[in-house]
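Student: Provided herewith is a single structure, encoded as structure tokens, for subsequent inquiry.
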Amino acid sequence: MTQSDKKEEKNKETQKAEPTSEKEKKLNRKVADKLKFYGVVTVLSLLCAGFIWFIFKPDTPETVEGMAGINTTIPDAIAPETMADKQKAYELEEMKKRRQEKVRTLQDMAGGYLMPDTTDGLKPEEDVPKADAIRKSREKQRQISRQITSFYQEPKESPRVDELERQVKELNEKLERERKGQDPLELMEKSYEMAARYFPG
């Protein structure tokens, strides 16, 4: 075998080997593309799951140490000592009520004298009771509804408006008569007469 024969054989072998390597390259590319696709999908899915978790994550309850599970609005169960004698307990309650009543009457009597004056020398206004506030609210609501219904009603005709409308009609008619009274031919004749008078010739 000569060298040229050897070269030809090598060329044939490389040509045979190339198609298989091209096929392998295509397969490798497909596998790489699939792996890239799965990798991108995985990363995006994790990113999306992370965002969803941050948006909808459960709130951590803020608890004060020692207060967990205890309703702090409930008063203590410790009650004042109960009296053994019911009669004495009733008498003490009656005495407390009388004292409170005396204090209340003293406050009512002295309230006008002890109340500080305002800058203008008048006493401050008393608080309006709830019933009065409700009544005022109802009155305002009725007033607003009357205004709304009167908005859609035609206004009552007054004699002044009728008089003004009549005057406007008269003035419009007078203006129309003046416009119609001046005939264009008469105006042309007058203009020719004036021209003849001032420009003889």
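All residue numbers for the sequence shown refer to full-length UniProt numbering, where the first residue is 1 and numbers rise by one.
C-beta atoms are modelled at their ideal positions from N, C-alpha and C, and glycine is treated no differently.
Tell me the rounded alpha-carbon separation between residue 193 and residue 180.
Tutor: 22 Å
Student: Taking the C-alpha atoms as reference points, what is the distance between residue 109 and residue 98?
Tutor: So the alpha carbons of these two residues sit roughly 16 Å apart.
Student: With distances taken Cα to Cα, identify the nearest neighbour of residue 158 among 191, 166, 152.
Tutor: 166
Student: Helix, strand or coil for residue 89? Go by DSSP, reduced to three states.
Tutor: helix
Student: State the start and end residues of the unbroken alpha helix (DSSP H) segment that holds residue 182.
Tutor: Premise fails: residue 182 is in no alpha helix (DSSP H) and is neither H nor E.
Student: Under 8 Å Cβ to Cβ from residue 142, same chain only, skipping five residues before and after it: list those, please.
Tutor: none
Student: Is residue 189 helix, strand or coil by DSSP?
Tutor: Correct three-state label for residue 189: helix.
Student: So for residue 57, helix, strand or coil by DSSP?
Tutor: coil
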